[in-house]
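*Asks:*
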Amino acid sequence: MRDAFDALGESIFNLESNESTERRKIYRFCFNIKEFSSLANRAILDKELFQRFSFDTTCCFGLGYDPRTLSVPWPEEVPVVRAVEDLTEVLASRSTAPPIVWKLQRLHEEREKGCGERCCLGMSYMSESKADEKIHKDEALALILAGKGTVSATLTWFFLFLAEHPSAEAKIRQEIQDIIPDDDVNKFHLFNTKELSELVYLQAALCEILRLFPPVPNLVKGSYEPRVLPTGHRVGPNTLIVLSLRVMGRLTSVWGKDSLEFKPERWITEKGELKHEPAHKFPAFNAGPRICLGKDVAFMETKAIAATIVHNYNVLIAGGQDTRPTNAIIVKMKYGMHAKISKRWA
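Numbering (the working numbering) for the sequence shown: 26 to 371.
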């Protein structure tokens, strides 16, 4: 599988467990809420808008650079954003196709382009870089890939489901009114990290979206030695195992008879606190040694955007849209989502 994801080079996503341990220690210092809170008050509906916002935020937080893809006048197309989109589709097809198929396809494309080296996101110059510089570039690409698409995809599905479940939107708005200052109840408000941490029902709604539409729909694992799975199935060495998170999130044996319903209440305890499900039951952020280091930051960013829009704006989703998902390693709506946004306050 490492060959299939060669575009990510020596990034943390391509390292074996023993190799990734030290790299993960470094990342733990990067992904912390205190550092992210300085970006949380930068206010922002379609797929393009969310993708650009997530791209800008990821670059600011992870790379210390603001590409300003949301600037005015609106850039018609941002090449690197488009390139990352193409990359997610390519990696998805590679993960399911026999290696001989995509390797021949890559060879054919490289010959047409007149180069004997891989050509992905214009990074063919990496072969001339020093080892440490190459690793930094690989990590930067992996960071953009992971941070840009996942948040924007979650938010798009979130607002679609809010439009279909107005009672959930009403509960989120009431929860917001209960935690913000009285002077800001009927006017524009930006949320700080303390306020965001108190929005239990909002996080429950986001968890429900991640259960039904996990941004990364499949986890691919491999066995080095013969193993017997908990189900009793035997797995031979060098066998790929694909876990469908979307299917797992809809199993009635795991989530009950209402597993196909959008029900944020399943994430709230009788005491009104957020219910924490074990990662092996809710693996939207992976599990075990590979669990996502940016989980808390991702939740904070998503809650900040969702709360700001729900409290300050009315979102009207256009009817009759085709909301089918894409076939990519990060699942989004294939044709985006059109909506009309109006201010709630003068």
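Don't be surprised by glycine CBs; every beta carbon is placed ideally from N, CA and C. Bear in mind that the values here come from a model prediction, so they are computed numbers and not experimental data.
Exposed or buried, which one is Glu142 when buried takes at least 16 other CB atoms within 10 Å?
*Replies:* For Glu142, the predicted model reports a pLDDT of 40, less than 50, meaning its position is unreliable; a value from the coordinates is still stated below. It is exposed - the Cβ of Glu142 has fewer than 16 other Cβ atoms within 10 Å.
*Asks:* What does the alpha-carbon distance come out to for the pair Lys382 and Ser278?
*Replies:* The structure shown does not extend to residue 382, since the chain spans only 26 to 371, so no value can be given for it.
*Asks:* With DSSP as the reference, please indicate the residues paired to Asn243 in a beta bridge.
*Replies:* Partner(s): Ser269.
*Asks:* Between the stretch 321-331 and the stretch 294-306, do at least 3 Cβ pairs fall closer than 8 Å?
*Replies:* Because the criterion of three Cβ pairs below 8 Å is not met, the stretch 321-331 and the stretch 294-306 do not touch.
*Asks:* Would you kindly check if the distance between the Cβ of Arg271 and the Cβ of Ser284 is under 9 Å?
*Replies:* Not in contact: Ser284 and Arg271 (Cβ atoms no closer than 9 Å).
*Asks:* Got a sec? Which residues, its chain only, sit under 8 Å from Arg369 by beta carbon, not counting five neighbours each side?
*Replies:* The residues are His336, Asn337, Tyr338 and Asn339.
*Asks:* Which residues in the same chain as Gly247 place their Cβ atom closer than 8 Å to its Cβ, once the five residues preceding and following it in sequence are excluded?
*Replies:* Excluding residues within five positions, the ones whose Cβ falls inside 8 Å are Met26, Asn263, Thr264, Leu265 and Ile266.
*Asks:* Tell me whether the stretch 177-190 and the stretch 232-249 touch, counting them as touching only if at least three CB pairs, one residue from each stretch, are closer than 8 Å.
*Replies:* They touch, by the three-pair rule.
*Asks:* By Cβ distance, which residues of its chain are closer than 8 Å to Val84, with the 5 residues on each side in sequence left out?
*Replies:* Checking the sequence shown, residue 84 turns out to be Cys, not Val. Excluding positions up to five away in sequence, the list reads Tyr90, Asp91, Pro92 and Ile169.
*Asks:* With a CB to CB cut of under 7 Å and the five nearest residues on each side skipped, what residues in its chain are close to Lys193?
*Replies:* Per the sequence presented here, residue 193 reads as Ala, with Lys not at that position. Excluding residues within five positions, the ones whose Cβ falls inside 7 Å are Leu187, Ala230 and Pro289.
*Asks:* Taking only three categories from DSSP, how would you classify Ser192?
*Replies:* Ser192: helix per DSSP, three-state reduction.
*Asks:* Are Ser242 and Ser269 touching if we call contact CB-CB under 9 Å?
*Replies:* Per the sequence presented here, residue 242 reads as Pro, with Ser not at that position. Yes, these two residues count as a Cβ contact at 9 Å.
*Asks:* What are the complete alpha helix (DSSP H) segments, minimum 4 residues, inside the stretch 270-312?
*Replies:* Runs of the alpha helix (DSSP H) inside the stretch 270-312: 270-273 and 277-280.
*Asks:* Could you work out which residue in Tyr226, Ile197, Phe238 and Val322 is closest to Asn352 when comparing CA atoms only?
*Replies:* The candidate whose alpha carbon is nearest that of Asn352 is Phe238.
*Asks:* I'd like to check one pair, Gly174 with Lys357: are the Cβ atoms closer than 9 Å?
*Replies:* Yes, the pair counts as a contact, with Cβ atoms nearer than the cut-off.
*Asks:* What does the Cβ neighbour count give for Ile197, buried or exposed, with the cut at 16 atoms within 10 Å?
*Replies:* The residue is buried, with at least 16 neighbouring Cβ atoms inside 10 Å.
*Asks:* Do you know offhand how far Ala312's Cα is from Gly261's?
*Replies:* If you take the alpha carbons of Ala312 and Gly261, they lie about 22 Å apart.
*Asks:* For Val356, name the three-state secondary structure that DSSP assigns.
*Replies:* Note: Val356 maps to coil in three-state DSSP.
*Asks:* Roughly how many angstroms lie between the CA atoms of Glu250 and Arg315, to the nearest whole one?
*Replies:* Approximately 19 Å, taken between the alpha carbons.
*Asks:* Considering only their Cβ atoms, is the gap separating Leu185 from Ile201 smaller than 9 Å?
*Replies:* No.
*Asks:* Could you check where the beta strand (DSSP E) with Tyr338 kicks off and where it finishes?
*Replies:* Segment Tyr338 to Ile342, the beta strand (DSSP E) holding Tyr338.
*Asks:* Determine the DSSP secondary structure at Ile316, reduced to helix, strand or coil.
*Replies:* Three-state DSSP puts Ile316 in coil, outside helix and strand.
*Asks:* Residues in the same chain with beta-carbon distance under 7 Å from Thr94, minus the five sequence neighbours each way, listed in chain order, please.
*Replies:* Closer than 7 Å at the Cβ level, and outside the excluded window around Thr94, lie Arg77, Phe80, Asp81, Pro100, Val103 and Val106.
*Asks:* Would you give the residue range spanned by the alpha helix (DSSP H) that Lys219 belongs to?
*Replies:* Thr218 to Ser222 is the extent of the alpha helix (DSSP H) around Lys219.
*Asks:* Which residues mark the beginning and the end of the beta strand (DSSP E) in which Ala364 is found?
*Replies:* Ala364 to Lys368 is the span of the beta strand (DSSP E), which, as asked, contains Ala364.
*Asks:* Among residues of its own chain, excluding the 5 on either side of Pro350, which ones have a beta-carbon nearer than 6 Å to its beta-carbon?
*Replies:* Val356.
*Asks:* In the DSSP output, what is Pro350 paired with across the bridge?
*Replies:* In DSSP, Pro350 forms a bridge with Met358.
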